[in-house]
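Undergrad: Residue numbers (full-length UniProt numbering): 1 to 453. Beta carbons are placed, not taken as given, at the ideal position from N, Cα and C, and that holds for glycine. Note that the structure is a prediction, hence the values are computed from the model and not measured.
1) Assign residue 427 to one of three DSSP states: helix, strand, or coil.
2) Kindly indicate the opening and closing residues of the alpha helix (DSSP H) around residue 177.
3) Of the residues 67, 158, 88, 333, which one's Cα is nearest the Cα of residue 260?
4) In terms of residue numbering, what span does the alpha helix (DSSP H) encompassing residue 239 cover?
5) Can you say whether residue 289 is buried or exposed, counting buried as having 16 or more other CB atoms within 10 angstroms of its CB?
6) In the DSSP assignment, the alpha helix (DSSP H) including residue 95 goes from what residue to what residue?
7) Closest to residue 344 by CA distance: which of 195, 64, 71 is it?
8) Just checking my contact of residue 113 with residue 376 at CB under 8 Å: how many whole Å lie between their CB atoms?
9) If we call anything under 7 Å between Cβ atoms a contact, is residue 187 one with residue 254?
10) Use the C-beta contact count for residue 98: other C-beta atoms within 10 angstroms, 16 or more gives buried, fewer gives exposed.
11) Could you check what DSSP says for residue 415 in three-state terms: helix, strand or coil?
12) Beta-carbon within less than 8 Å of residue 199's beta-carbon, same chain only, minus the 5 sequence neighbours each way: which residues are those?
13) Go ahead and pull the three-state DSSP assignment for residue 446.
14) Checking the sheet assignment: what are the DSSP bridge partners for residue 309?
15) Quick one: measure Cβ to Cβ for residue 382 and residue 368, integer angstroms, because I've assumed they're closer than 8 Å.
16) Measuring CB to CB, does residue 174 end up less than 7 Å from residue 197?
17) Nearest CA to the CA of residue 317: which residue from 307, 336, 328, 413?
18) Compare the C-beta of residue 379 against all C-beta atoms of chain D and say whether one is closer than 7 Å.
19) Nearest-angstrom Cα distance between residue 387 and residue 250?
20) Let me check understanding here. Comparing Cα to Cα, which of 307, 172, 202 lies closest to residue 291?
21) So, with DSSP's three-state summary, where would you put residue 365?
22) Could you please give me the residues that DSSP links to residue 387 through a beta bridge?
23) So, is residue 444 buried or exposed, given that buried needs 16 or more other C-beta atoms within 10 angstroms?
24) For residue 323, name the three-state secondary structure that DSSP assigns.
25) Skipping 5 residues on each side, what residues in its chain have a beta carbon closer than 6 Å to that of residue 324?
26) Beta carbon of residue 209, beta carbon of residue 235: below 7 Å?
27) Among the residues of its own chain, which have a CB less than 6 Å from the CB of residue 389, if the five just before and after it don't count?
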């Protein structure tokens with residue numbers, strides 16, 4: 001293949017055949033190895049540059065993995081007597097898990113990302129080879145190792161399974177509590193019914209927004225160029241406001257009953273109401289125990305929600321039950337008022353949390369350390385890092401790296417290092433979007449105006 005055009009000119013082929021082999025006509029081929037000696041040289045130099053970058057990055061990762069020696073096994077953790085010391089090592093193990101995830105992504109993805117750069121080494125408009133990043137249409141999940149993809153898919157299946165079970169349980173319990181509320185005048189029971197109805201509504205909101213986020217439609221991609229992940233926290237924000245307003249009504253009714261002019265009759269609690277509340281506590285307790293063992297964010301959030309429901313419904317049952325048995329009329333409205341205050345506080349806190357995240361709240365120290373470790377893995381390729389900034393854009397995180405390179409670094413090398421770091425960062429489950437800027441001096445300006453901060 002080397003010198004193909006030269007040999008064609010020197011051969012005895014007809015002029016028409018020779019003309020079909022020139023650069024312009026070769027453009028009909030979508031992918032081509034190379035067409036001449038100069039192309040071959042450029043291709044070889046391109047391969048050498050890419051190989052050098054990959055080798056430097058891989059060498060830095062593989063030669064510096066001594067931190068795994070610091071990991072404590074489950075048996076060692078159980079044998080540690082001091083609670084604070086055990087928590088320290090548990091936190092350290094969590095950091096080691098994060099670093100191992102970073103190393104897996106860098107080793108698995110960096111090579112494919114770099115191989116996806118400069119597909120047209122001779123700049124003639126024809127790709128000499130195919131890139132993995134282009135083949136998967138930049139869906140980074142498809143570039144991860146099989147075991148990582150399977151782990152994430154399993155976590156997603158487990159989350160869907162438990163969420164579906166929780167939805168079925170909520171629908172059943174809402175019907176049971178609705179029937180019980182018709183036969184009772186207990187405010188605590190009505191508060192519990194309202195909590196279950198709104199909890200079911202919250203699940204529907206989360207499910208529908210997550211479905212909207214997952215749709216890969218070209219029309220939506222053009223309309224929302226950075227994705228639709230913020231629909232989820234916006235949905236929760238709207239729902240939390242509804243939750244607070246609803247329980248303010250329950251609180252108002254409870255206070256009115258406690259006033260001298262209020263209804264002071266003892267709340268009735270028929271057997272169907274007691275059965276519905278007891279069933280809620282039992283079902284939510286079982287779901288919570290099942291979710292507790294699955295260490296993923298979604299399922300752990302569901303486990304926490306079930307734990308809250310167990311406490312809430314237990315108290316919703318005890319207040320009117322004790323009040324009826326003891327003949328104390330004010331215990332039921334007092335219990336409803338206290339439960340309403342708790343729900344208002346809890347969902348008010350959720351509302352503020354989602355507002356601050358939508359406004360760009362900085363990430364916690366644990367995640368920032370993980371992102372800093374990712375930057376450290378590129379230390380063999382860069383002169384240093386000016387800054388690593390990470391902040392929420394809803395539930396997801398946006399990250400900005402400002403890297404330092406020698407001012408004589410070629411544009412090709414600068415681009416490939418920055419883009420590889422960017423794609424590796426966006427492969428992390430917590431990150432929605434990453435940006436990498438380059439600089440040659442730590443004394444240069446930060447790169448952003450402070451007028452709007």
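TA: Taking the definition as stated:
1) Against the chain shown, residue 427 aligns to sequence position 427. It is coil, neither helix nor strand.
2) As a working note, residue 177 is residue 177 in the chain shown. Unbroken alpha helix (DSSP H) run through residue 177: 146 to 182.
3) Residue 260 sits at position 260 when you count from the first residue of the chain shown. It is 333 whose Cα lies nearest to the Cα of residue 260.
4) Reading the chain shown from its first residue, position 239 is the one you call residue 239. Counting along the chain, the alpha helix (DSSP H) containing residue 239 begins and ends at 231 to 258.
5) The count along the chain shown starts at 1 and reaches residue 289 at position 289. Flag for residue 289 reads exposed.
6) For the purposes of this step, residue 95 is taken as residue 95 along the chain shown, with counting starting at 1. Its alpha helix (DSSP H) spans residues 83 to 115.
7) The sequence position of residue 344 within the chain shown is 344, counting from 1. Comparing Cα-Cα distances from residue 344 to each of 195, 64, 71, the minimum goes to 195.
8) As a first step, residue 113 must be located in the chain shown, where it is residue number 113. As a first step, residue 376 must be located in the chain shown, where it is residue number 376. About 18 Å; that fails the 8 Å criterion.
9) Here residue 187 is taken as the residue at index 187 of the chain shown, counted from 1. Here residue 254 is taken as the residue at index 254 of the chain shown, counted from 1. Yes, these two residues count as a Cβ contact at 7 Å.
10) Against the chain shown, residue 98 aligns to sequence position 98. The residue in question, residue 98, is buried, as its Cβ has 16 or more Cβ neighbours within 10 Å.
11) Counting from 1 along the chain shown, the entry for residue 415 is found at position 415. Here residue 415 sits in helix by DSSP.
12) Position 199 of the chain shown holds residue 199. Once the five neighbours on either side are set aside, the close Cβ partners of residue 199 are 170, 305, 309.
13) Translated into the one-based positions of the chain shown, residue 446 becomes position 446. Coil.
14) Working through the chain shown from its first residue, we reach residue 309 at position 309. Looking at the DSSP assignment, residue 309 forms no beta bridge with any residue, so it has no partner.
15) Taking the chain shown and counting its residues from 1, one reaches residue 382 at position 382. Taking the chain shown and counting its residues from 1, one reaches residue 368 at position 368. Not quite, the Cβ-Cβ distance comes to about 19 Å (not below 8 Å), so this is no contact.
16) Along the chain shown, read from residue 1 onward, the residue named residue 174 stands at position 174. Along the chain shown, read from residue 1 onward, the residue named residue 197 stands at position 197. Yes, these two residues count as a Cβ contact at 7 Å.
17) Start at 1 with the first residue of the chain shown, and residue 317 comes out as number 317. Among 307, 336, 328, 413, the Cα nearest to that of residue 317 is on 336.
18) The chain inventory of the structure shown lacks chain D, comprising one protein chain alone.
19) Stepping through the chain shown from its first residue, residue 387 is reached at position 387. Stepping through the chain shown from its first residue, residue 250 is reached at position 250. Roughly 50 Å separates the two Cα atoms.
20) The residue given as residue 291 occupies position 291 in the chain shown. Measuring from the Cα of residue 291, the nearest candidate turns out to be 307.
21) For the purposes of this step, residue 365 is identified with residue 365 of the chain shown, where counting begins at 1. The answer is helix: DSSP assigns residue 365 an H, G or I state.
22) The residue labelled residue 387 in the question sits at position 387 within the chain shown. Beta-bridge pairing links residue 387 to 402.
23) Position 444 of the chain shown holds residue 444. Classification of residue 444: exposed, given that the 10 Å Cβ count is below 16.
24) To locate residue 323, count along the chain shown from 1; it is residue 323. Looking at residue 323 - three-state DSSP - the assignment turns out to be helix.
25) For this step, residue 324 is matched to residue 324 along the chain shown. Closer than 6 Å at the Cβ level, and outside the excluded window around residue 324, lie 266, 269.
26) Within the chain shown, residue 209 is the residue found at index 209, counting from 1. Within the chain shown, residue 235 is the residue found at index 235, counting from 1. It is a contact, given that the beta carbons lie within the stated cut-off.
27) If you number the chain shown from 1, residue 389 lands on position 389. Correct list, in chain order: 400.
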